[in-house]
Amino acid sequence: MVGRFAEREAIEQLIDAAREGLSGVLVLVGEAGIGKTRLLEHAAAQAAGVGLTRLVGVEAEQLLGYGALHRLLRPHLNRIDRLPAVQQDALNAALGLADISHSDRYLVGLATLALLSSAASELPMLCLIDDVHWLDRESAETLAFVARRLHADSLGLIFAARNDLADHRLFDAMPSLHVGGLPAADARELLSLAVDGHLDTAVADSIVTGTGGNPLALIELASRLGAEQLAGVAPMPEPLPVSRLLEEHFRQSVAALPSDTRMLLLLMAAAPTDDMAVVWHAAGVLGLPARSAVAAVEAGILDHGAGLGFRHPLIRSSVYAAASGDDRRRIHAALEAASDPARVPDRRAWHRAQATIGPDDAAAADLDAASDWARARGGYSAQALFLSKAAELTVEPAQRAERYLAAAQAHLTSGDRAAVHPLLDLAVPALQHPSARARALRIRATAELFDTGNNRVPAMMLDAVAELADADPRMTWELLYEAMHAAVIARDPMHRTTLADVAKAAIAAPHRPDAPAWSPDELIKGLALRTVYGYESSVATIQEALAKLRASAELHDVASPFSIIVSLAADDVWDIEASVEIVGRLAAEDRGQGALYGLSLSLSVLAYTEIRNGRLTAADALFAESDDYATAIGLTTQGDLNRALLYAWMGRESDVRAVVAMMDAVATTYGLGMMRHLALHALCVLDLGMGRYDEALRHALPVYEEDVPSQGNLVLPLLVEAAVRAGDRHTADLALKRLEDRARRAGTPWALGLLARCRALTDETADAEIRYRESIDLLATVPVAAEHARSRLLFGEWLRRRKRRSEARVHLRAAYESFDAWGASLFAERARIELLATGETARRRVPETRFDLTPQERQVALLAASGLTNAEIASRLFITTSTVEFHLNKVFRKLGLTSRRQIAAALDRPGLDDGPPTSD
25 MVGRFAEREA IEQLIDAARE GLSGVLVLVG EAGIGKTRLL EHAAAQAAGV GLTRLVGVEA
85 EQLLGYGALH RLLRPHLNRI DRLPAVQQDA LNAALGLADI SHSDRYLVGL ATLALLSSAA
145 SELPMLCLID DVHWLDRESA ETLAFVARRL HADSLGLIFA ARNDLADHRL FDAMPSLHVG
205 GLPAADAREL LSLAVDGHLD TAVADSIVTG TGGNPLALIE LASRLGAEQL AGVAPMPEPL
265 PVSRLLEEHF RQSVAALPSD TRMLLLLMAA APTDDMAVVW HAAGVLGLPA RSAVAAVEAG
325 ILDHGAGLGF RHPLIRSSVY AAASGDDRRR IHAALEAASD PARVPDRRAW HRAQATIGPD
385 DAAAADLDAA SDWARARGGY SAQALFLSKA AELTVEPAQR AERYLAAAQA HLTSGDRAAV
445 HPLLDLAVPA LQHPSARARA LRIRATAELF DTGNNRVPAM MLDAVAELAD ADPRMTWELL
505 YEAMHAAVIA RDPMHRTTLA DVAKAAIAAP HRPDAPAWSP DELIKGLALR TVYGYESSVA
565 TIQEALAKLR ASAELHDVAS PFSIIVSLAA DDVWDIEASV EIVGRLAAED RGQGALYGLS
625 LSLSVLAYTE IRNGRLTAAD ALFAESDDYA TAIGLTTQGD LNRALLYAWM GRESDVRAVV
685 AMMDAVATTY GLGMMRHLAL HALCVLDLGM GRYDEALRHA LPVYEEDVPS QGNLVLPLLV
745 EAAVRAGDRH TADLALKRLE DRARRAGTPW ALGLLARCRA LTDETADAEI RYRESIDLLA
805 TVPVAAEHAR SRLLFGEWLR RRKRRSEARV HLRAAYESFD AWGASLFAER ARIELLATGE
865 TARRRVPETR FDLTPQERQV ALLAASGLTN AEIASRLFIT TSTVEFHLNK VFRKLGLTSR
925 RQIAAALDRP GLDDGPPTSD
């Protein structure tokens with residue numbers, strides 16, 4: 025190999041890391057012919073003592089969901105029975121190895137990770153994946169998922185892709201190298217090595233400049249140009265055949281071959297690369313003898329050896345692109361005849377469709393059936409492709425429209441939102457049934473949610489409800505759920521509607537008598553009543569709905585993940601136990617199903633409950649895990665977007681303000697008005713911790729005035745405290761009056777404990793002591809340790825101001841020790857200063873090693889401390905057991921531990937016996 029020193033060093037470091045038990049990922053990106061494949065060959069040559077697994081993406085196989093993954097994993101499928109049953113089922117379904125009705129893409133990813141990690145545990149492994157841009161979407165997503173989950177698995181992955189990689193977002197967070205043209209000196213050296221005779225210096229410089237140092241262009245030109253041209257005697261062609269013109273060069277090389285050879289090459293370009301038996305069967309159908317390949321081998325088009333592969337992927341694509349329509353139809357007809365309808369029905373149906381001219385209902389029906397097979401395997405992009413082609417071949421307009429609609433849904437499920445709207449435009453004019461038109465609106469609204477913003481979705485869902493009328497009560501409620509879900513997150517102003525309008529529609533909809541026990545219908549109705557008729561009309565409905573969900577034998581997530589709605593409703597009636605239980609069960613359900621989007625939201629919700637319980641370390645770990653899963657499924661995360669309240673409790677003012685600015689920008693861009701209320705809540709907590717009561721009051725008032733579910737009630741005790749300390753007794757009384765009415769109606773210890781504290785804050789008589797003690801007793805009975813500590817702090821301050829120093833010390837010391845252990849620095853400092861005023865000295869907290877743990881190390885440590893085995897931790901976190909062991913070893917070293925039993929004490933996590941931070 026000439027040059028490429030930086031690339032070679034990066035590759036060799038990755039291989040060395042795999043040999044040492046770690047993992048590595050590298051993405052090589054560059055134009056066609058720039059040398060990416062040669063670098064992969066170099067990696068293979070350097071991998072002594074390392075197992076090699078190689079995969080090349082093939083343009084003709086992009087329609088086959090998980091087809092590339094099947095080729096990659098084939099050498100390791102003997103290990104599949106070692107996987108957990110749910111992973112076995114997912115992978116068997118995806119690869120078509122078992123008759124299983126459904127496969128989840130992220131369980132497939134976890135199974136692939138486990139399978140490769142298992143192989144690498146016996147011998148370090150290097151996976152080389154070339155032409156990533158031609159992988160089917162499902163395989164690309166799976167490999168990207170695996171690459172993000174690697175850490176200590178003796179496994180290296182090197183990807184090579186074109187500059188215009190369509191799904192670059194799957195890989196854009198990974199280490200990458202841009203592979204450009206060779207420097208002039210290296211390019212001249214390579215050119216001289218490729219030329220047998222004399223090479224004129226001026227000609228060499230001209231070729232190097234004209235090719236931009238593209239290695240393939242240099243080598244191809246050296247073989248294509250005549251001796252006189254290379255010697256500078258005869259003129260060279262203008263322009264030089266480089267970059268895209270390389271494809272024309274390959275076309276011309278193929279065009280010079282005999283007709284039988286050209287037809288065989290076309291057949292090979294359209295056929296699966298892993299089934300040469302089909303190629304030769306189809307060749308027999310076409311009457312092409314085996315000797316047709318000889319001329320292509322002699323011309324250097326095909327590599328001589330097992331499989332007769334194309335010498336370069338560009339040759340394959342140029343052969344197919346240059347073929348006439350008639351020739352393509354001939355070879356697809358032959359491939360249809362050669363394909364086993366029982367073993368590869370999808371390939372056979374596709375070849376039949378490609379061989380068809382004009383509408384053909386029989387061919388369309390085959391594709392429709394193949395789409396069901398693809399969907400069962402989790403190949404949604406293949407399903408969409410089959411359905412789109414089936415629609416093109418369908419004669420009857422209404423059926424054609426239904427197939428376009430189904431294709432749009434499949435594209436949406438696969439994540440290819442750009443393809444959704446054009447298909448809907450083709451489908452909608454011919455859709456006849458109201459439910460079909462409503463489905464179209466729903467699909468468009470869901471795509472809009474990701475493309476332009478959440479605040480446009482509610483009106484579109486209401487349009488779908490109006491279109492549906494009374495045709496389908498179940499779908500009506502699903503649409504209303506999604507509309508309310510979007511509306512309470514968007515808040516006003518919304519596009520073409522308001523939160524109140526959406527809520528009125530939900531109230532007016534008839535009850536579903538067949539709704540399952542886990543249905544969100546009643547919870548949505550409760551939030552709608554709260555929005556339209558006020559708090560008092562909603563409490564009973566929300567509480568009954570939460571009780572029904574807690575009692576339900578099963579819980580399932582829905583299209584718009586359920587955890588956000590559960591959290592909003594539970595917070596609105598101050599029922600943290602319901603929130604922890606229901607969302608914890610939803611998280612366990614999502615985890616078991618590999619539903620990472622729903623799981624990421626559930627974990628964020630659970631992180632907020634941990635903050636309220638004083639478990640700031642656990643909350644940070646949950647946020648990190650949530651972000652990790654969002655990244656794993658290709659969502660663009662906003663870093664610390666959800667951590668404003670956590671940072672406020674930690675006293676990290678600059679971080680709070682940075683996150684709040686980010687939240688404001690995201691709220692504006694994506695129509696997420698709820699973000700602004702969360703930001704104001706965090707600022708209010710920060711200012712209370714710093715004793716800036718006027719600022720806290722300013723931040724709390726807008727949330728109080730808008731009075732939206734959840735934040736409208738959670739802000740009330742903050743507002744009372746801020747107003748009392750700022751001297752605004754009128755505002756404090758108004759907030760207290762609202763809290764008194766609502767807390768009594770809710771009747772939970774959390775609500776009544778906050779009410780007692782706020783009554784004490786506003787009570788200037790000796791009765792305040794009774795209220796403080798009542799607050800402390802009530803809040804001690806529910807998992808809101810942060811609120812309990814705040815009541816003890818405020819009571820200690822009250823006692824100290826009344827010169828009852830010894831009594832004050834008891835509560836101030838307890839508050840200080842809690843805040844200090846959690847890392848709630850501002851409130852710890854408030855308690856420390858008050859203790860000083862009573863004559864007792866409290867040592868300032870010194871940063872400890874436990875806070876040097878990374879988020880994943882903390883999460884692993886917390887789960888290990890709760891009693892989970894390494895295998896159970898790996899399954900929960902979608903990582904491998906070797907990665908768990910790696911993180912635990914670092915936890916032990918950083919915290920100076922020798923046993924898992926010591927982790928809980930080292931992390932200072934109160935109440936650890938209650939279980940891990942998320943519920944299984």
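Residues are numbered in the numbering used here as their position in the sequence shown, beginning at 1, plus a constant of 24.
Even for Gly, the Cβ is constructed at its ideal location relative to N, Cα and C.
Closest in C-alpha terms to isoleucine 467, from the list Leu503, Val915, Ala454, Asn479, comes Leu503. Isoleucine 589 counts as buried, since no fewer than 16 other beta carbons sit within 10 angstroms of its beta carbon. Separation of alanine 645 and valine 629 (C-alpha to C-alpha, rounded to the nearest whole angstrom) is 13 Å. Scanning Ile243, Cys782, Pro544 for the CA closest to the CA of proline 585 turns up Pro544.
Taking 9 Å as the cut-off, the Cβ atoms of isoleucine 566 and proline 807 do not count as close. Under the three-state reduction of DSSP output, valine 607 falls in the helix class.
The residues Ala813, Arg816, Leu817, Gly820, Ala855, in chain order, have a CB closer than 7 Å to that of alanine 839 in the same chain once the five nearest residues on each side in sequence are set aside. DSSP places alanine 197 in the coil class of the three-state scheme, outside both helix and strand. According to the DSSP secondary-structure assignment, arginine 78 is paired through a beta bridge with Leu152.
Straight-line measurement puts the Cα of glutamine 37 at about 16 Å from the Cα of glutamate 65.
Boundaries for isoleucine 325: no beta strand (DSSP E) harbours it, and the DSSP string shows neither H nor E there. Put simply, of Leu281, Arg335, Ile339 the residue whose alpha carbon is nearest the alpha carbon of arginine 315 is Leu281. Per DSSP, serine 438 is one residue of the alpha helix (DSSP H) stretching across 421–438. If you keep only unbroken alpha helix (DSSP H) runs of at least 4 residues inside the segment 274–314, you get 283–294, 300–310. Here DSSP, grouped into helix, strand and coil, assigns alanine 185 to strand.
Non-local C-beta neighbours of leucine 912 in its own chain, meaning closer than 7 Å and more than five positions away in sequence, comprise Val884, Ala888, ordered along the chain.
Uninterrupted alpha helix (DSSP H) stretches at least 4 residues long and entirely within the segment 87–117 occur at 91–97, given in chain order.
Looking at the DSSP output, phenylalanine 334 sits in a beta bridge with Leu326. Counting C-beta pairs closer than 8 Å gives fewer than three between the segment 100–107 and the segment 303–323, which falls short of the contact rule. As computed with DSSP, valine 683 is found in no beta bridge at all. Of the candidates Val80, Asp718, Val683, Val683 places its Cα closest to the Cα of leucine 702. Under the DSSP assignment, glycine 256 falls outside any alpha helix (DSSP H); it carries neither an H nor an E label. Exclusion of the five residues before and after glutamate 858 leaves Leu817, Gly820, Glu821, Arg824, Ala832, Leu836 as the residues of its chain whose Cβ lies within less than 8 Å of its Cβ. DSSP places glycine 550 inside the alpha helix (DSSP H), whose first and last residues are 545–557. DSSP places serine 363 outside both helix and strand once states are collapsed to three, so it counts as coil. Counting C-beta atoms within 10 angstroms of its own C-beta, glutamine 456 has fewer than 16 neighbours from the protein chains shown and is therefore classed as exposed. Proximity to alanine 394 across Gly89, His519, Ser145 peaks at Gly89, based on C-alpha coordinates.
Taking each of Val321, Pro879, Asn737, Ala866 in turn and checking the Cα distance to alanine 631, the smallest one comes out for Pro879. Non-local beta-carbon contacts of glutamine 111 in its own chain, meaning distances under 7 Å to residues more than five positions away in sequence, involve Leu131, Leu134, Ala135, Ala138 in chain order. Taking the Cα positions, alanine 706 is about 6 Å away from alanine 672. Between leucine 201 and leucine 214, the C-beta gap is not smaller than 9 Å, which leaves the two residues out of contact.
Here the C-alpha atom of arginine 95 lies approximately 25 Å from the C-alpha atom of alanine 619. Fully contained in the segment 466–540 are the following alpha helix (DSSP H) runs of length 4 or more, in chain order: 481–492, 497–514, 523–532.
Shown here for glutamate 811: same chain residues with a beta carbon closer than 6 Å to its own, the five before and five after excluded, namely Leu803 in chain order. When DSSP states are grouped into helix, strand and coil, serine 47 belongs to the strand group. Contiguous beta strand (DSSP E) elements confined to the segment 337–409 do not occur, taking only those with 3 or more residues.
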